[in-house]
Amino acid sequence: TIADGDAVEFEVGEGPKGPNAVNVRKVE
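Residue numbers (this note's numbering): 511 to 538.
The following block contains the structure:
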């Protein structure tokens, strides 16, 4: 799981309500 303060990477994709984060992953 992703906790506050973890470094993450993500891509911005199009969701039904506008742009949203996709492919979110934690940076080791």
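Using N, Cα and C, we set each Cβ at its ideal position, and we do this for glycine too.
| Check | Outcome |
| --- | --- |
| Distance between Arg535 and Pro529 (C-alpha atoms, nearest Å) | 17 Å |
| Straight-line gap, Gly525 to Thr511 (C-alpha atoms, nearest Å) | 22 Å |
| Element boundaries [beta strand (DSSP E), containing Lys536] | 528-536 |
| Through-space distance from Glu538 to Val532, alpha-carbon basis | 18 Å |
| Per-residue DSSP class, three states only, for Gly515 | coil |
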